[in-house]
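Here the sequence shown is numbered in the working numbering, starting from 2 and rising by one per residue. Inspection log for the structure reproduced underneath, given as structure tokens.
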Amino acid sequence: MERKETDIFSRNIVNKDGIVTRWPKKQDERRAVLEYIRSKIDKGRTYTEIEINELIDKWHSFGDHALIRRMMYDFFLIERAEDGSKYWLDESGNT
């Protein structure tokens, strides 16, 4: 487990079941949460918007998959189709 993940676990942002229970206030903790959820996305798979929302919902409990999805895109942690209908990980190493 990476240090950032350990921090979000020890700060009660992620519970013992691996579910993000709250959206952090600190930027570094937010980034750690986004990277944690990104780690749940399968490399080489393209997700529909519904599928990526369902995946995100599986790993958080505060009910805002749109916030997480947008921030993952804004932080270049995921790629998306121009119309927002498809999402995937950039396998070129750029994200």
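Idealized CB from N, CA, C, for every residue including glycine. Source: prediction; values computed, not measured.
- In the DSSP annotation of this structure, Lys87 is not part of any alpha helix (DSSP H); the continuous beta strand (DSSP E) holding it starts and ends at Lys87 to Trp89.
- Straight across, the Cα-Cα distance linking Asp91 with Ser62 is about 26 angstroms.
- The segment 9-26 makes no contact with the segment 44-52; the number of CB pairs closer than 8 angstroms stays below 3.
- Excluding five sequence positions before and after Lys41, the CB atoms of its chain that fall closer than 6 angstroms to its own CB belong to Trp60, given in chain order.
- When the alpha-carbon of Glu36 is set against those of Ile9, Asp84, Lys87 and Thr47, the nearest one is in Ile9.
- Between Ile79 and Ile69, the CB-CB gap reaches or exceeds 7 angstroms.
- Ala33 counts as buried, since no fewer than 16 other beta carbons sit within 10 angstroms of its beta carbon.
- Collapsing the DSSP output to three states places Glu80 in a strand.
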